[in-house]
Amino acid sequence: MSKLIQRLLIFFVGIPLILGIVHFDPSNSIAFNVLLLAVCAIAAHEMCVIFASGGETLPKPLVIFLCVAIPACTYIGLDFSLRIDLCDVALVAAVFITFAFEIFSARTFEKSNVRISRSACTLLYAGFLPSFITRLSLMNNSSAHLMTFLVMVFISDSAAWLFGMLFGKSNRGVVAASPNKSVAGFVGAYLGCILVAFLSSYLVFASAFDVPNKLLRVLVLGIVVCTASVIGDLAESVFKRSANIKDSGKIVLGRGGVLDSVDSVFMAAPFYYCLVRFLFSSAGL
3 MSKLIQRLLI FFVGIPLILG IVHFDPSNSI AFNVLLLAVC AIAAHEMCVI FASGGETLPK
63 PLVIFLCVAI PACTYIGLDF SLRIDLCDVA LVAAVFITFA FEIFSARTFE KSNVRISRSA
123 CTLLYAGFLP SFITRLSLMN NSSAHLMTFL VMVFISDSAA WLFGMLFGKS NRGVVAASPN
183 KSVAGFVGAY LGCILVAFLS SYLVFASAFD VPNKLLRVLV LGIVVCTASV IGDLAESVFK
243 RSANIKDSGK IVLGRGGVLD SVDSVFMAAP FYYCLVRFLF SSAGL
């Protein structure tokens with residue numbers, strides 16, 4: 003099966019399935035967040051494999067458990083309206099456990115900085131960043147914002163691939179981390195992301211973005227979310243290139259691993275959440 007057909011299958015089957023769970027989940031986003039925890043676990047596993055190829059790391063089961071615990075605690079804290087932010091508690095506890103494990107398990111400490119740094123990076127990327135998706139799933143108009151956010155990132159990625167394939171043959175190599183990326187691809191990514199932001203805020207989910215002077219706010223949202231998603235994609239490319247690995251895994255058709263598919267989503271989630279809370283707070287969030 004060609005890579006083009008695989009990508010089209012993901013676009014026309016996988017993405018609608020995810021959006022369907024977001025839209026039709028009747029149990030306060032339980033199904034969606036269970037899916038998110040599974041994705042975090044697989045992404046953490048793939049990051050551990052990437053980092054382990056270049057040297058020592060902390061035990062993979064420990065790191066995966068801590069990554070999953072952060073969004074899980076975020077969900078519990080927000081769903082039960084606890085006064086304390088369990089996400090912050092979970093993040094601090096995860097870092098504490100990472101330090102404590104290295105302190106009491108290591109016999110020599112020449113590689114301690116490397117082991118701790120790699121584990122902390124995995125906790126941040128595959129644990130803390132996706133916890134903002136959990137926050138989105140439990141805010142007012144959650145389905146509208148989750149679907150808007152996910153489609154913005156998915157279309158940004160797809161438009162980048164399409165524009166790069168059609169118009170990017172002569173302007174590639176602008177980023178060493180991913181030589182196949184082209185100027186045309188970046189233009190396509192921004193156009194696609196901004197277009198979805200405007201369509202969603204003015205047509206599909208207008209009530210969720212009902213604020214004065216909406217035009218500039220939506221434009222800022224589209225630009226920032228696209229920039230974050232591009233950086234997320236390129237950051238994962240740096241991880242893989244440093245480890246001399248082409249794909250993070252082989253689970254997703256035409257894309258490689260789960261991390262290859264959610265790197266942009268994870269990085270962009272905090273920016274979408276914070277901007278929506280700041281720019282559209284009067285829309286009843």
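Residues 3 to 287, numbered by the working numbering, are exactly what the sequence shown covers, in order. Virtual Cβ for every residue (Gly too), placed ideally from N, Cα, C.
(message) Rounded to the nearest angstrom, what separates R117 and A230 at their Cα positions?
(response) For the purposes of this step, residue 117 is taken as the residue at position 115 of the sequence shown. For the purposes of this step, residue 230 is taken as the residue at position 228 of the sequence shown. Near 27 Å, if we compare the C-alpha coordinates of A230 and R117.
(request) Would you mind stating whether T76 and L88 have Cβ atoms separated by less than 8 Å? (result) By one-based count along the sequence shown, residue 76 stands at place 74. By one-based count along the sequence shown, residue 88 stands at place 86. It is a contact, given that the beta carbons lie within the stated cut-off.
(message) Whole angstroms are fine: how far does the CA of F67 sit from the CA of V94?
(response) The residue given as residue 94 occupies position 92 in the sequence shown. The residue given as residue 67 occupies position 65 in the sequence shown. Each residue's Cα considered, the two are about 14 Å apart.
(request) Could you give the DSSP three-state label for G194: helix, strand or coil? (result) Numbered from 1 along the sequence shown, position 192 holds the residue referred to as residue 194. In this structure, G194 counts as helix in the three-state DSSP scheme.
(message) Considering only the alpha carbon of each residue, which of F188, C50 and M149 lies closest to Y127?
(response) Stepping through the sequence shown from its first residue, residue 127 is reached at position 125. When each option's Cα is compared against that of Y127, the closest is C50.
(message) Spatial neighbours of D249 within its chain, please: C-beta separation below 7 Å, excluding the five flanking residues on both sides.
(response) Here residue 249 corresponds to residue number 247 of the sequence shown, with the count starting at 1. Counting only Cβ-Cβ distances below 7 Å, and skipping sequence neighbours, we find G258, G259 and D262.
(request) Check whether the Cβ atoms of V227 and C195 sit closer than 8 Å, and answer yes or no. (result) Your numbering for residue 227 matches position 225 in the sequence shown. Your numbering for residue 195 matches position 193 in the sequence shown. A contact, by the Cβ cut-off of 8 Å.
(request) Find the nearest neighbour of A270 within the set G57, F151, L168 and S172, judged by alpha-carbon distance. (result) Looking up residue 270 in the sequence shown gives position 268. Ranking G57, F151, L168 and S172 by Cα distance to A270 puts F151 first.
(request) Return the first residue and the last residue of the alpha helix (DSSP H) that R219 is part of. (result) Locating residue 219 in the sequence shown gives position 217, counting from the first residue. Here the alpha helix (DSSP H) through R219 covers K216 to A245.
(request) Report the rounded CA-to-CA distance for A43 versus A146, giving the unit in angstroms. (result) Mapped onto the sequence shown, residue 43 falls at position 41. Mapped onto the sequence shown, residue 146 falls at position 144. Their backbone Cα atoms lie some 26 Å apart in a straight line.
(request) Take the Cβ of Y274 as the centre, count every other Cβ of all protein chains shown within 10 Å, and call the residue buried at 16 or more, exposed below. (result) For this step, residue 274 is matched to residue 272 along the sequence shown. Y274 is buried by the Cβ-count criterion.
(request) Using the Cα positions of R1 and A199, report the straight-line distance between them to the nearest angstrom. (result) The requested residue 1 does not occur in the structure, where the chain is confined to residues 3 to 287.
(message) According to DSSP, is S55 part of a helix, a strand, or is it coil?
(response) As a working note, residue 55 is residue 53 in the sequence shown. Coil, per DSSP.
(request) Starting from S184, follow its DSSP beta bridges and name the residues at the other end. (result) Taking the sequence shown and counting its residues from 1, the one referred to as residue 184 is at position 182. Per DSSP, R174.
(request) In angstroms with no decimal places, state the Cα-to-Cα distance between V91 and A46. (result) To locate residue 91, count along the sequence shown from 1; it is residue 89. To locate residue 46, count along the sequence shown from 1; it is residue 44. Rounded to whole angstroms, V91 to A46 spans 20 Å at the Cα level.
(request) Pick helix, strand or coil for V315, following the three-state DSSP scheme. (result) Since the first residue shown for the chain is 3 and the last is 287, residue 315 is missing from the structure and cannot be characterised.
(request) Mind reading off the beta-carbon distance from L38 to P73? Whole number of angstroms is fine, and I expect it under 8 Å. (result) For this step, residue 38 is matched to residue 36 along the sequence shown. For this step, residue 73 is matched to residue 71 along the sequence shown. The pair is a contact, with the Cβ atoms about 6 Å apart (cut-off 8 Å).
(request) Go ahead and label F280 buried or exposed: buried means 16 or more other beta carbons lie within 10 angstroms of its beta carbon, across all protein chains shown. (result) Start at 1 with the first residue of the sequence shown, and residue 280 comes out as number 278. By the neighbour-count rule (16 or more Cβ atoms within 10 Å), F280 is not buried but exposed.
(message) So, with DSSP's three-state summary, where would you put L60?
(response) Working through the sequence shown from its first residue, we reach residue 60 at position 58. Note: L60 maps to coil in three-state DSSP.
(request) Tell me, please, whether the region 158-168 touches the region 179-190 by the rule of three or more beta-carbon pairs shorter than 8 Å. (result) yes
(message) Quick check: F53 and R120, are their CB atoms within less than 8 Å of each other?
(response) By 1-based counting over the sequence shown, the position of residue 53 is 51. By 1-based counting over the sequence shown, the position of residue 120 is 118. Contact: yes.
(message) Assuming F211 and F134 are in contact, meaning their beta carbons sit under 8 Å apart, how far apart are those beta carbons, in whole angstroms?
(response) One-based indexing of the sequence shown puts residue 211 at position 209. One-based indexing of the sequence shown puts residue 134 at position 132. That belief does not hold up - the Cβ atoms of F211 and F134 are roughly 18 Å apart, past 8 Å.
(request) Drop a sphere of 10 angstroms on the beta-carbon of L148, count the other beta-carbons inside from all chains shown, and report buried for 16 or more, exposed for fewer. (result) Here residue 148 corresponds to residue number 146 of the sequence shown, with the count starting at 1. So L148 ends up on the buried side.
(request) Whole angstroms is fine: what's the gap from S180's alpha carbon to G234's? (result) As a first step, residue 180 is located in the sequence shown; it is residue number 178 there, counting from the start. As a first step, residue 234 is located in the sequence shown; it is residue number 232 there, counting from the start. Their Cα atoms are separated by approximately 12 Å.
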